[in-house]
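Below: the structure, in structure tokens.
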Amino acid sequence: MMTAPINPDLDLVLERTVSVPPEAVWDAWTIPDQLVQWFTPRPWTTAACDIDLRPGGVFRTVMRSPEGEEFDNTGCYLVVDPGRRLVFTDALGPGFRPNAAPFMTAEIIIQPDGEWTRYRAIARHATTEAKSKHEEMGFADGWSTALDQLVELAQSEARPAEARPVRRP
Numbered sequence: 004m005m006t007a008p009i010n011p012d013l014d015l016v017l018e019r020t021v022s023v024p025p026e027a028v029w030d031a032w033t034i035p036d037q038l039v040q041w042f043t044p045r046p047w048t049t050a051a052c053d054i055d056l057r058p059g060g061v062f063r064t065v066m067r068s069p070e071g072e073e074f075d076n077t078g079c080y081l082v083v084d085p086g087r088r089l090v091f092t093d094a095l096g097p098g099f100r101p102n103a104a105p106f107m108t109a110e111i112i113i114q115p116d117g118e119w120t121r122y123r124a125i126a127r128h129a130t131t132e133a134k135s136k137h138e139e140m141g142f143a144d145g146w147s148t149a150l151d152q153l154v155e156l157a158q159s160e161a162r163p164a165e166a167r168p169v170r171r172p
């Protein structure tokens with residue numbers, strides 16, 4: 004799998020082994036109905052998600068603050084390696100059209116580790132200022148909390164329906 008080297012001056016990385024199979028991680032990242040359940044750290048929510056899973060296809064999320072303010076994030080996929088790797092950016096919109104105010108390119112790497120998954124998320128920035136801003140926004144805690152929520156969802160999806168808690172809005 005070809006991936007660019009990490010530049011510690013520009014890139015932020017979250018790497019963990021999680022106790023769910025790689026297929027569950029892939030599904031959580033690529034099925035909109037699943038992604039909206041875990042993508043934004045609580046008490047924030049993901050109000051909407053559009054996925055066209057192909058290079059140049061849209062990757063859009065709308066994050067909602069606890070106060071109801073919404074933040075639309077629209078970008079596109081650059082790489083889709085089924086079950087293994089996703090690369091998306093907000094520097095480009097659907098169809099590779101340039102966006103006015105890019106922030107980052109993200110790379111999600113999913114690797115089997117026995118029955119579990121070695122998960123690596125890289126947030127690549129164009130400038131040290133953008134990286135610093137992302138750190139100040141809470142990259143480490145936010146992306147780690149979101150990953151915990153992904154694992155929670157994947158584990159609940161794996162249980163028999165009668166054992167799953169009822170989800171209420």
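Under the numbering used here, think of the first position of the sequence shown as 4, with each following residue one higher. Beta carbons are placed, not taken as given, at the ideal position from N, Cα and C, and that holds for glycine. Bear in mind the structure is a predicted one, so any value in this text is a computation, not a measurement.
- Task: Rounded to whole angstroms, what's the CA-CA distance from SER147 to GLU70? Just pull it up for me.
- Result: 22 angstroms
- Task: Tell me whether GLY78 sits in a helix, a strand or coil according to DSSP, three-state version.
- Result: strand
- Message: Whole angstroms are fine: how far does the CA of ALA133 sit from the CA of GLY96?
- Response: 19 angstroms
- First through last residue of the beta strand (DSSP E) which encompasses VAL90: 88–92
- Query: Around the C-beta of ARG45, are 16 or more other C-beta atoms found within 10 angstroms, so that it is buried, or is it exposed?
  - Reply: exposed
- Task: Rank VAL90, ILE113, PRO85 and THR130 by C-alpha distance to the C-alpha of ALA104 and give the top, closest one.
- Result: THR130
- Task: Spell out a yes or no on whether the segment 118–129 and the segment 49–68 are touching, meaning 3 or more CB-CB pairs, one atom from each, closer than 8 angstroms.
- Result: no
- Message: When you compare the CB positions of THR49 and LEU38, do they come within less than 9 angstroms of one another, or not?
- Response: yes
- Given ARG43 as reference, the closest of GLN158, PHE142 and GLU160 once Cα atoms are compared: What sits at residue 43 in the sequence shown is Thr, not Arg. Of the candidates GLN158, PHE142 and GLU160, the one whose C-alpha sits nearest the C-alpha of THR43 is PHE142.
- Message: For a test of the three-state rule: what should DSSP assign to ASP84, helix, strand or coil?
- Response: strand
- Item | Nearest-angstrom Cα separation, counted from LEU15 out to GLU138 | 8 angstroms
- Going by DSSP, what residues sit across from ASP55 in a beta bridge? According to DSSP, ASP55 bridges with nothing at all.
- Message: Can you tell me whether PRO105 sits near the ligand ATP, meaning its C-beta is under 8 angstroms from at least one heavy atom of the ligand?
- Response: In the structure on display, the ligand ATP does not appear, and there are no ligands present to speak of.
- Per DSSP, the bridge partner or partners of GLY96: ARG100
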